[in-house]
Every structure is written in C-alpha cells, then in structure tokens.
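Counting along the sequence shown from 1, when you hit position 76 you're at 99 in the numbering used here, and nothing is skipped either side.
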Amino acid sequence: MFIPRKVWVRRAAAACLILYSACLLYWMFLGFGRTARYSQPMRYSLVPLRTIWYYLSASGKMPVSARLVNLLGNVAVFVPFGILIPAVTSRLRSAAGLAVLCIPCITALEILQMLLRAGSFDVDDILLNLLGVWAGFGLLRLLCKMRTRRL
24 MFIPRKVWVR RAAAACLILY SACLLYWMFL GFGRTARYSQ PMRYSLVPLR TIWYYLSASG
84 KMPVSARLVN LLGNVAVFVP FGILIPAVTS RLRSAAGLAV LCIPCITALE ILQMLLRAGS
144 FDVDDILLNL LGVWAGFGLL RLLCKMRTRR L
C-alpha cells in the first residue's frame with residue numbers, strides 16, 4: 024500500500040512529537056536528580072525578566088555554565104515543538120497560532136512543577152520556552168524556503 028509523502032511526514036512528526044513530549048515531561052518532573060521537596064514552600068517568580076536579568080548579570084556569583092544551562096536550556100528544549108507542531112497540523116502554521124497553543128500548555132507545566140515541588144513557577148521560563156518554540160518555527164520556515172528554492 025502506497026502512503027503519500029505528506030501523510031507519512033505528518034505521521035512521523037506526530038510520533039516524534041509524542042515521544043519528545045514524554046521525554047520533556049520526564050526531564051521536567053523526574054530527570055536531572057529532581058525530587059519533590061514538600062518540606063519547602065512553593066517557589067515562584069511573577070516578575071517578567073527578573074530571572075533572565077539575574078542570570079545575565081550574575082557574572083561572579085554563578086558559573087557561566089549554570090547560567091547558560093538555565094537560559095539557553097529553557098529555549099533549546101522547546102525548539103522541537105516549533106518544528107513538530109506545524110508539521111503535524113496545518114491549522115498551526117503561524118507564530119501567533121503556536122503562541123495561543125503553547126502559552127497555556129507551558130504555563131500549566133510551570134504550575135505543576137511548583138505544585139509538585141519539582142521546580143518553581145517562573146514567568147521567565149514561559150518567555151524562554153515560547154522563544155524556543157518560535158525559534159523552531161523560524162527554523163522550519165527557513166528550511167521550507169530553502170527546499171522550495173532548490174526545486
């Protein structure tokens with residue numbers, strides 16, 4: 024049985040999206056030595072750009088590697104969503120459409136991290152994660168344009 028290329032790509036992207044989402048959930052709640060700290064209060068930061076500015080200005084107080092992991096890691100880990108979501112559904116092929124879907128999902132994950140005490144709720148993480156989604160989307164659009172020009 025012949026499966027058209029478009030259908031095959033969509034199915035492969037959906038499988039990758041499910042697998043990557045499962046990995047992300049593991050990383051956010053169990054990976055990297057995370058443990059629930061129920062004896063500690065819930066942690067949160069609601070001031071936009073406070074944490075980002077802290078990491079950018081903490082030159083001597085924190086190793087560069089720790090700052091890069093916190094800033095670039097929050098961006099990089101969401102890049103695949105900007106590539107895979109538009110590949111799965113044709114309805115989400117704009118940066119605004121991706122934001123409408125991703126902001127509530129990322130916010131829910133941040134709230135769960137705080138409630139389960141596997142991390143904290145940080146509005147800057149939402150911003151960095153969305154930046155990662157948009158970076159992936161931009162990369163996908165660039166690749167599509169390059170492919171179209173070659174034909």
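We put the beta carbon where it would ideally sit given N, CA and C, even for glycine.
Residue burial is scored here from C-beta neighbours: Q136 has at least 16 other C-beta atoms within 10 angstroms and is therefore classed as buried. With a beta-carbon spacing of about 5 Å, L163 and I106 fall inside the 8 Å limit used to define contacts. When the Cα atoms are used, T112 and N152 turn out to be separated by approximately 20 Å. In the assembly as shown, F101 is a buried residue. Its beta-carbon has 16 or more other beta-carbons within 10 Å. G120 and F160 have their C-alpha atoms roughly 11 Å apart.
In the displayed model, S80 falls within a helix according to three-state DSSP.
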